[in-house]
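Residue numbers (the working numbering): 4 to 334.
Down below is the structure, laid out as structure tokens.
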Amino acid sequence: MTPYPDYPIPADEEQRLRALRRFAVLDAPADPHFDRIVALASEVLGVPIALVSLVDQDRQWFLARHGLEVQETPRTMAFCAHAIAQQELMEVPDALDDARFNTNPLVLDAPKVRFYAGVPLQSDDGYNLGTLCVIDRKPRVLDPHQRVMLKLMADLVMRELELRQRSMQCPVTGLYNRSVFFRFGEQEFENARAESLPVALFNFDIDDFRQINMRWGHQAGDQVLLDLCAVARQHLSHEDLFGRIGDEEFAILLVNASISRAMQLAEEIRLAVAAMRGVFDQSDYHPNISGGISAMADSDQSFADLFYRADQALYLAKGNGRNQIASLLVE
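Spelled out as structure tokens, the structure:
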């Protein structure tokens with residue numbers, strides 16, 4: 004049992020951790036873009052320590068740090084674990100006068116934190132990933148201008164994180180590209196195996212997609228991809244993983260979903276795509292998809308086993324005449 008109070012757990016903790024890991028920056032090498040921001044925060048606010056802290060499941064890990072040597076601390080000690088549970092800047096004028104922190108080892112021992120201020124780093128979908136925080140070894144209070152400056156610098160951190168996330172996405176659809184989809188798919192696979200949770204995979208492609216590009220041009224083809232993604236997203240949960248695997252091939256990893264739920268969802272998406280119009284309003288063409296479904300099996304060694312089995316089911320659907328969903332399961 005720790006000698007200091009436990010940290011609050013956000014109500015959306017599971018989703019928050021998933022969002023954090025899909026930024027793919029935990030345990031990344033030092034980065035000069037973030038290093039410059041914490042150096043600037045230290046200089047502008049006149050504090051010896053400034054950090055970009057990401058709050059993981061059991062630790063806070065510093066993506067960037069100025070004036071502090073350690074790379075991470077236990078989450079139980081993290082001031083930032085408290086800051087992410089609220090939506091605005093959290094300020095602690097004197098940690099020795101605050102019951103949450105006055106027995107914390109980071110206060111009583113090095114680095115001897117007395118003052119703390121942290122702004123949550125909130126993703127576009129509303130999850131607090133961590134903070135941009137500043138620390139002093141003596142009590143103090145930020146003035147209104149300093150609070151504004153700290154918030155603006157937190158916005159810079161979040162903008163840089165989002166730019167990095169976009170670099171992992173298809174520029175047309177905004178979906179994860181193949182390599183990133185496999186990376187995050189493996190994470191979800193390992194988590195599902197550890198927690199004994201079901202996952203299912205739906206691989207699909209657009210039937211005769213080349214015909215679209217040939218008849219109406221690549222701009223129309225891109226619009227079809229966007230429309231299809233919009234239709235599919237309407238049927239997905241936030242935690243589901245959606246990727247563009249090839250030119251006209253997509254994959255959706257359904258988290259905590261049974262095979263029956265996956266089959267139902269796949270059929271709903273197939274029918275919704277068939278009802279799309281857009282560039283086809285004045286033509287005889289109707290877009291269709293073929294898809295393959297599989298679920299994680301005890302014999303699977305990795306996410307790749309699940310993926311290639313779903314791909315086999317996709318080829319089965321195409322071989323049977325297209326515009327249909329096939330499944331391939333193993334015990």
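Every residue, glycine too, gets a C-beta built ideally from N, C-alpha and C.
In the DSSP assignment, what are the bridge partners of F37?
DSSP, once it has assigned bridges, lists no residue as partnering F37.
Under the three-state DSSP convention, the category L54 falls into
strand
Counting Cβ pairs closer than 8 Å, one from the stretch 56-74 and one from the stretch 31-41, do we hit at least three?
yes
Give me the Cα-Cα distance between V116 and A102, rounded to the nearest whole angstrom.
14 Å
Would a C-beta distance cut-off of 8 Å place A210 and I292 closer than the cut-off?
Note that residue 210 corresponds to Asp in the displayed sequence, not to Ala. In this structure, I292 lies closer than 8 Å to D210 by Cβ.
With H, G and I counted as helix, E and B as strand and the rest as coil, what does DSSP make of Q149?
It is helical.
Based on the DSSP secondary-structure assignment, which residues constitute the bridge partners of S330?
I296
Burial state of I12, where buried means 16 or more other Cβ atoms lie within 10 Å:
exposed
According to DSSP, D139 sits in a beta bridge with which residue or residues?
F118
Residue from L92, A307, P77 with nearest C-alpha to L204:
If we check each option's Cα against that of L204, A307 comes out closest.
Among S286, R143, P142, R162, whose alpha-carbon lies nearest the alpha-carbon of L135?
R162
Please name the residue or residues paired with P123 in a DSSP beta bridge.
T134
So what does DSSP say about H85, is it helix, strand or coil?
Shown here, H85 sits in a helix according to DSSP, grouped into three states.
Beta-carbon proximity list for S45, same chain, < 8 Å, skipping 5 on both sides:
P51, I52, A53, H69, G70, V137
Does DSSP classify T176 as helix, strand or coil?
coil
Exposed unless 16 or more other CB atoms sit within 10 angstroms - verdict on D128:
exposed
Compare the beta carbon distance of V55 and V41 with 8 Å and say whether it is the shorter of the two.
yes
I need the straight-line Cα distance from K141 to R78, nearest angstrom please.
Distance between the alpha carbons of K141 and R78 is about 23 Å.
So, at 8 Å on beta carbons, what are the nonlocal neighbours of M4 in its own chain, with the 5 sequence-adjacent residues on each side left out?
Residue confidence is low: M4 scores 40 on pLDDT, short of 50, so the model does not pin down where it sits. Its coordinate-derived value is still stated next. So no residue of the chain qualifies.
Work out the CA separation of S286 and L317 for me, nearest whole Å.
27 Å
Is the beta carbon of F207 sitting closer than 8 Å to the one on D250?
no
For E271, which residues in the same chain have their Cβ closer than 8 Å to its Cβ, ignoring the five residues on either side in sequence?
So the qualifying residues of the chain are H238.
Can you grab the Cα-Cα spacing for the pair L132 / D303, in whole Å?
Distance between the alpha carbons of L132 and D303 is about 32 Å.
Just verifying my parser: in three-state terms, what is the DSSP assignment at V144?
coil
Backbone secondary structure at N216 - three-state DSSP:
Helix, per DSSP.
With a 10 Å radius around its C-beta and 16 neighbouring C-beta atoms as the bar for buried, classify P174 as buried or exposed.
Counting Cβ neighbours within 10 Å, P174 comes out exposed, since fewer than 16 surround it.
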